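Novice: Have a look at this one before I ask anything.
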Amino acid sequence: MGTIPRRSITGLRQFVDLEQQRAWMEDDAQLPDAGERAESLEQRFKYVVRFQKLLARPQAEDVLEILGIYGATCIPIPRRTERHYWSVSCLPSTSDKPLARVNASWMELFTLYADGEGIRARFIVHLSDFTADRSLAQEQVDESFLEHCVTTPEDIGCFFPRGADIFGINVRGAASIRKFLATRQAVRAIRRFNLTHMNRGRNAYQASHCYSLADHMLVD
């Protein structure tokens, strides 16, 4: 497939076909990414002050580490799709006061919050990836598996956003977030959800993309 996107196709399918995407989701293939990033200096400077404020927070080290894991593990071809198909916001001005949030299309994918001097995370995924029978029945959520994904059962919680196949997972503490992002089945579910929304078209949150935070998500 050529490097020039085909205009009749939207989302990631402009760059990698569905078979390649499925192979990446199953951790059976590496997708060909761009060697360099296309960057807007104006956009970078726009959020430098917010990034410096984040660095002054006691949670900064954990935030940058977790975002690095998430970027390397959960975002397909991140350099080629940066800002236009996914973005990361630094201290976004929303009522829930997050430290950082990753979006694609019109959807929140992943959010980090302060929890005292520590952090907690919110993952949005497909419900059917976390039910015992792969149905959309909320009562079928596999709580035993979720507890296995964190260091202690008290670190995991769930909620049900609006939508037939939407599921929210709260994970408390950097250690449990790292373990969740190291659990293959959980990562597969995150990847599937991210592919769903990155294939829907351009990211609606391009204007809030923080290149300084993204630097830590795109480290080789």
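Following my numbering, the numbering of the sequence shown begins with 4 at its first residue and continues without gaps. Beta carbons are placed, not taken as given, at the ideal position from N, Cα and C, and that holds for glycine. Remember, predicted model here, so these are calculated numbers, not experimental data.
Decide if Q62 is buried, meaning its Cβ has at least 16 other Cβ atoms within 10 Å, or exposed.
Specialist: Classification for Q62: buried.
Novice: Between which two residues does the beta strand (DSSP E) harbouring R104 extend?
Specialist: A103 to A107 is the extent of the beta strand (DSSP E) around R104.
Novice: Looking only at its own chain, which residues have a Cβ that is under 6 angstroms from the Cβ of R86, when we skip the five neighbours before and after it?
Specialist: Counting only Cβ-Cβ distances below 6 angstroms, and skipping sequence neighbours, we find Q209 and H212.
Novice: Considering only residues of the segment 63 to 114, which uninterrupted alpha helix (DSSP H) runs meet the minimum length of 4 residues and lie entirely inside it, listed in chain order?
Specialist: The qualifying runs are 63 to 77 and 81 to 84.
Novice: Please state the DSSP three-state secondary structure of L216.
Specialist: L216 falls in the helix class under three-state DSSP.
Novice: Just to confirm my understanding: we take L221, look at its own chain, exclude 5 residues before and 5 after, and list those with CB closer than 8 angstroms. What are they?
Specialist: Around L221: R40, G74, P81, R82 and E85.
Novice: Reducing DSSP to helix, strand and coil, say where F54 ends up.
Specialist: DSSP places F54 in helix when its eight states are reduced to three.
Novice: Just to confirm the assignment, what range does the alpha helix (DSSP H) spanning R191 have?
Specialist: First-last of the alpha helix (DSSP H) with R191: R187 to M201.
Novice: Report yes or no: do three or more beta-carbon pairs, one from the segment 124 to 144 and one from the segment 21 to 31, lie closer than 8 angstroms?
Specialist: With the cut-off at 8 angstroms, the segment 124 to 144 and the segment 21 to 31 do not touch.
Novice: If contacts are defined as beta-carbon pairs under 8 angstroms, then I72 and R181 qualify, I think. What distance do you get, rounded to the angstrom?
Specialist: Right, the Cβ-Cβ distance comes to about 7 angstroms (below 8 angstroms), so this counts as a contact.
Novice: When the Cα atoms are used, what is the spatial distance from E45 to A192?
Specialist: Rounded to the nearest angstrom, the two C-alpha atoms are 35 angstroms apart.
Novice: Can you give me the C-alpha to C-alpha distance between S90 and L115, rounded to a whole angstrom?
Specialist: Approximately 14 angstroms, taken between the alpha carbons.
Novice: Buried or exposed for P95, please, with buried defined as at least 16 other CB atoms from any protein chain shown within 10 angstroms of its CB.
Specialist: P95 comes out buried.
Novice: Is any heavy atom of the ligand ADP found at a distance shorter than 7 angstroms from the C-beta of D31?
Specialist: What this structure holds is no ligand at all, so the ligand ADP is not there to describe.
Novice: Kindly give me the distance between the Cβ atoms of H200 and A107, rounded to whole angstroms, as I take these residues to be in contact under 8 angstroms.
Specialist: Contact holds; Cβ gap of about 4 angstroms.
Novice: If we call anything under 8 angstroms between Cβ atoms a contact, is N202 one with G14?
Specialist: Yes; because the gap between Cβ atoms is below 8 angstroms, this pair is in contact.
Novice: So who's on the other strand from G171, going by DSSP bridges?
Specialist: Partner(s): I127 and F162.
Novice: Tell me the DSSP secondary structure of A117 in three-state form.
Specialist: It is a strand residue.
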